[in-house]
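Asks: Right, I'll just put the structure down here and ask away after.
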Amino acid sequence: MTKEISLEHVWVEFGEFTAVQKANLTIAGGEFFSFLGPSGCGKTTLLRCISGFQEPTRGVVKIGGKNMKGVGPNKRPTALIFQNLALFPLRSVADNIAFPLEVRGVDKKTRRKRADELLELIALTGQGDKKISELSGGQKQRVAIARALAVEPDILLLDEPLSALDLKLRQHMRTELRAIQKQVGLTFIYITHDQGEALTMSDRIAVMNKGKVEQIGDGKTIYDHPGTGFVASFVGENNVLEGTVLSNDGTIVKVDTGLGVPFVVANHATEKGALVPGDACQMFIRPEALRIAAGDDDRNRFECNFVTEEFEGNMRHIVLDASGRKLKMSMINDGRNPIDGSAPIALDFAPEMGIALPPGPLASA
133 MTKEISLEHV WVEFGEFTAV QKANLTIAGG EFFSFLGPSG CGKTTLLRCI SGFQEPTRGV
193 VKIGGKNMKG VGPNKRPTAL IFQNLALFPL RSVADNIAFP LEVRGVDKKT RRKRADELLE
253 LIALTGQGDK KISELSGGQK QRVAIARALA VEPDILLLDE PLSALDLKLR QHMRTELRAI
313 QKQVGLTFIY ITHDQGEALT MSDRIAVMNK GKVEQIGDGK TIYDHPGTGF VASFVGENNV
373 LEGTVLSNDG TIVKVDTGLG VPFVVANHAT EKGALVPGDA CQMFIRPEAL RIAAGDDDRN
433 RFECNFVTEE FEGNMRHIVL DASGRKLKMS MINDGRNPID GSAPIALDFA PEMGIALPPG
493 PLASA
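For the sequence shown, the positions run 133 to 497 when our numbering is used.
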């Protein structure tokens with residue numbers, strides 16, 4: 133059974149700089165868990181705390197209920213894959229995979245048997261005698277994973293391993309990584325700044341910003357129910373409008389954004405007493421939630437002007453101007469909804485597709 137990891141009030145400070153602030157979370161055994169955030173947010177520092185390469189300034193890291201204070205990386209049930217992979221170009225594929233076993237003094241026959249087992253796992257059966265230089269980028273990624281699995285760790289730590297790959301290969305490796313994780317049943321802890329990687333692979337995601345864990349949840353919750361303005365603006369695209377709360381029944385908030393119509397949206401404030409009438413707020417609407425207004429329902433209907441259109445294969449992204457505020461609407465490129473830029477366009481959105489949050493910092497563009 134794989135081991136649970138818990139971080140309890142973990143702080144990491146380097147002189148006057150605080151890299152991680154009061155991180156509290158639990159990662160279940162067998163979970164694919166991602167830390168998502170921009171560069172410098174503290175996600176790699178937390179990974180180093182779990183692996184043993186960094187001791188927390190304060191707080192506790194536990195693996196399987198055991199306090200890891202003073203336990204070195206080689207004594208922890210973890211294996212780490214770095215962005216640069218660090219494969220040995222002059223060694224064969226099988227020797228690369230078996231290298232951690234060689235370091236531990238395992239005999240050659242046993243090492244080769246384990247390497248062959250892992251080559252089968254990563255769909256490279258019969259290629260153990262090849263040189264690393266003969267492999268494609270995706271195959272090298274798989275060899276790095278196999279090498280990390282050679283010592284049979286409970287937890288695999290992956291620090292942005294796909295960031296150097298091109299887009300198509302990156303997308304392919306997402307599927308392969310998830311499939312390998314499900315097959316071996318280990319805990320995978322994944323570091324990324326790429327929301328697509330986190331959303332497609334993870335059981336749960338911790339979104340980080342400036343050393344703090346802003347929100348933890350599964351991909352759908354993070355995307356559909358962001359708890360802060362930073363999460364709403366970092367994960368996926370969002371149109372942001374500053375406004376004032378007109379009313380709030382606890383579930384639905386009515387917001388004045390100065391566009392001539394009070395918007396009715398979902399209340400996503402988590403703090404008790406937040407978003408009372410008269411409060412400033414931020415309203416978020418996903419580009420795919422905006423639509424050409426139709427029917428008799430006037431809720432959330434407003435007018436804007438066409439600015440330009442961005443073509444992206446199966447999607448159309450329409451840039452609009454609403455009283456000086458730039459908005460984006462995304463729709464499937466199916467030939468419907470032609471837009472004539474000569475006249476104002478009436479748009480609307482379903483109340484549950486907009487959200488209101490207290491004012492806060494947003495992700496940088």
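The beta-carbon is built from N, C-alpha and C at its ideal position, and this holds for glycine as well.
Run the CB neighbour count on residue 333, radius 10 Å, all protein chains shown included, and call it buried at 16 or more, exposed below.
Replies: buried
Asks: Helix, strand or coil, according to DSSP, for residue 488 in the structure here?
Replies: strand
Asks: Have a look at 495, 483, 225 and 182 and flag the residue whose alpha-carbon is nearest the alpha-carbon of residue 346.
Replies: 495
Asks: With DSSP as the reference, label residue 181 as helix, strand or coil.
Replies: helix
Asks: State the Cα-Cα distance for the pair residue 448 and residue 158, rounded to the nearest angstrom.
Replies: Their backbone Cα atoms lie some 40 Å apart in a straight line.
Asks: For a minimum of 3 consecutive residues, which ranges assigned as the beta strand (DSSP E) are wholly contained in the segment 416 to 470?
Replies: 434 to 444, 447 to 454 and 457 to 464
Asks: Within the same chain, show all residues whose beta-carbon is closer than 7 Å to that of residue 439, passing over the 5 residues directly before and after it, in chain order.
Replies: 451, 452 and 453
Asks: Closer than 8 Å is the cut-off here; do at least three beta carbon pairs connect the segment 383 to 393 with the segment 337 to 352?
Replies: no
Asks: Thinking residue 505 and residue 222 are a contact (beta carbons under 8 Å), I'd like their distance in whole angstroms, please.
Replies: Residue 505 lies beyond the residue range present for the chain, which begins at 133 and ends at 497; the question has no answer from this structure.
Asks: Please work out which residues of its chain come closer than 7 Å, Cβ to Cβ, to residue 204, disregarding the five sequence neighbours upstream and downstream, and give them in chain order.
Replies: 184
Asks: Regarding residue 293 and the ligand FAD, is the C-beta to nearest heavy atom distance less than 7 Å?
Replies: This structure lacks the ligand FAD; in fact it carries no ligand of any kind.
Asks: Look up residue 375 in the DSSP assignment and give the residues it is bridged to.
Replies: 413
Asks: In angstroms with no decimal places, state the Cα-to-Cα distance between residue 308 and residue 318.
Replies: 15 Å
Asks: Is it buried or exposed for residue 414, if we count other Cβ within 10 angstroms and need 16 for buried?
Replies: buried
Asks: Work out the CA separation of residue 483 and residue 151 for me, nearest whole Å.
Replies: 38 Å
Asks: What residue does the alpha helix (DSSP H) around residue 356 start on, and which one ends it?
Replies: 351 to 356 is the extent of the alpha helix (DSSP H) around residue 356.
Asks: Return the Cβ separation of residue 424 and residue 469 in integer angstroms, given the expectation that the two are a contact with Cβ distance under 8 Å.
Replies: 5 Å
Asks: Round the Cβ separation of residue 254 and residue 289 to the nearest angstrom and send it over; I've been treating them as touching at under 8 Å.
Replies: No, residue 254 and residue 289 are not in contact; Cβ-Cβ is about 18 Å, not under 8 Å.
Asks: Should the segment 426 to 436 be regarded as contacting the segment 371 to 382, the criterion being three or more beta carbon pairs within less than 8 Å?
Replies: no
Asks: Quick one: what does DSSP say residue 265 is sitting in, helix, strand or coil?
Replies: helix
Asks: Kindly indicate which residue of 155, 165 and 161 has the alpha-carbon position closest to the one of residue 173.
Replies: 155
Asks: How far does the alpha helix (DSSP H) with residue 286 in it reach, from first residue to last?
Replies: Per DSSP, residue 286 belongs to no alpha helix (DSSP H) and is neither H nor E.
Asks: Measure from the alpha carbon of residue 138 to the alpha carbon of each residue in 147, 219, 201 and 315, then state which is nearest.
Replies: 201
Asks: With 8 Å set as the bound, which would you pick, yes or no: does the beta-carbon of residue 346 sit closer than that to a beta-carbon of chain C?
Replies: This model lacks chain C altogether; it includes just one protein chain.
Asks: Go through its chain and collect everything with a Cβ distance to residue 464's Cβ below 7 Å, but skip five positions before and after it.
Replies: The beta carbon of residue 464 is closer than 7 Å to those of 446 and 447 in its chain, skipping five residues each way along the sequence.
Asks: Residue 228 lies in the alpha helix (DSSP H); which residues open and close that run?
Replies: 225 to 235
Asks: Given a threshold of 16 other Cβ atoms within 10 Å of its Cβ, counted over all protein chains shown, does residue 400 qualify as buried or as exposed?
Replies: buried
Asks: Starting from residue 305, follow the beta strand (DSSP E) in both directions and report where the run begins and ends.
Replies: Segment 299 to 316 is the alpha helix (DSSP H) holding residue 305; no beta strand (DSSP E) there.
Asks: Pick helix, strand or coil for residue 140, following the three-state DSSP scheme.
Replies: strand
Asks: Hey, could you find the ends of the beta strand (DSSP E) residue 365 is sitting in?
Replies: No beta strand (DSSP E) holds residue 365; the alpha helix (DSSP H) holding it covers 361 to 366.
Asks: When the distance is taken between beta carbons, is residue 214 closer than 8 Å to residue 286?
Replies: no
Asks: List the whole-angstrom C-beta distance separating residue 278 from residue 297, where the pair is believed to meet the contact cut-off of C-beta under 8 Å.
Replies: Residue 278 to residue 297, Cβ: 17 Å. No contact.
Asks: Could you pull the start and end residues of the alpha helix (DSSP H) that residue 241 belongs to?
Replies: 240 to 253
Asks: Name the DSSP bridge partner or partners of residue 477?
Replies: 436
Asks: In chain order, what are the residue ranges of uninterrupted alpha helix (DSSP H) at least 4 long that sit wholly in the segment 156 to 214?
Replies: 175 to 183
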